[in-house]
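Asks:
In my numbering, the protein residues as written are 74 to 205.
In structure tokens form, the structure reads like this:
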């Protein structure tokens, strides 16, 4: 452990890569050493506006699409409920086969009777009368 506590020694010689000959000419200036703050600020504002507009546009599209889906689901559900309630009321009034299932007053002059009883009355009215 004591061997890791000291600072490594500094080498005296420099690599060949660091040596420059006179044939290379003067060293180049640092690339991007001078920063144009105004241009960077314009780019930052532009990118920020683009991101905000994209997010708001996506949210507006999602809300519109989900509202359409919800309206379609509610419309389908409410129309199905209305159909089922109308069907239930018709069955309650007319019976399972669309025929009255019980005696009831229609008006003060007319009475509703079950179809079976009505057919028996009609057949009985056409039966030959016994004249004996």
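Glycine included, each C-beta is placed from N, C-alpha and C at the ideal position.
Which value, in whole angstroms, describes the spacing of the CA atoms of residue 129 and residue 145?
Replies: Against the chain shown, residue 129 aligns to sequence position 56. Against the chain shown, residue 145 aligns to sequence position 72. Each residue's Cα considered, the two are about 24 Å apart.
Asks: Determine the direct distance from the alpha carbon of residue 131 to that of residue 120, and round the result to whole angstroms.
Replies: For the purposes of this step, residue 120 is identified with residue 47 of the chain shown, where counting begins at 1. For the purposes of this step, residue 131 is identified with residue 58 of the chain shown, where counting begins at 1. Computed Cα separation, rounded: 16 Å.
Asks: Measuring CB to CB, does residue 93 end up less than 8 Å from residue 100?
Replies: Here residue 93 is taken as the residue at index 20 of the chain shown, counted from 1. Here residue 100 is taken as the residue at index 27 of the chain shown, counted from 1. Yes, the pair counts as a contact, with Cβ atoms nearer than the cut-off.
Asks: What distance in whole Å lies between the Cβ atoms of residue 176 and residue 185, which are believed to be in contact at a cut-off of 8 Å?
Replies: Mapped onto the chain shown, residue 185 falls at position 112. Mapped onto the chain shown, residue 176 falls at position 103. Confirmed, about 7 Å.
Asks: What number of angstroms, rounded off, separates the C-alpha of residue 154 from the C-alpha of residue 134?
Replies: What you label residue 154 is simply residue 81 of the chain shown in a count that begins at 1. What you label residue 134 is simply residue 61 of the chain shown in a count that begins at 1. Taking the straight line joining both Cα atoms gives about 30 Å.
Asks: Please state whether DSSP places residue 197 in a helix, a strand or coil.
Replies: Working through the chain shown from its first residue, we reach residue 197 at position 124. The answer is helix: DSSP assigns residue 197 an H, G or I state.
Asks: Rounded to whole angstroms, what is the Cα-Cα separation between residue 114 and residue 147?
Replies: For the purposes of this step, residue 114 is identified with residue 41 of the chain shown, where counting begins at 1. For the purposes of this step, residue 147 is identified with residue 74 of the chain shown, where counting begins at 1. One C-alpha to the other measures close to 49 Å.
Asks: Cutting at 6 Å between CB atoms, please list the residues of its own chain near residue 191, excluding the five before and the five after it.
Replies: For the purposes of this step, residue 191 is taken as the residue at position 118 of the chain shown. Around residue 191: no qualifying Cβ.
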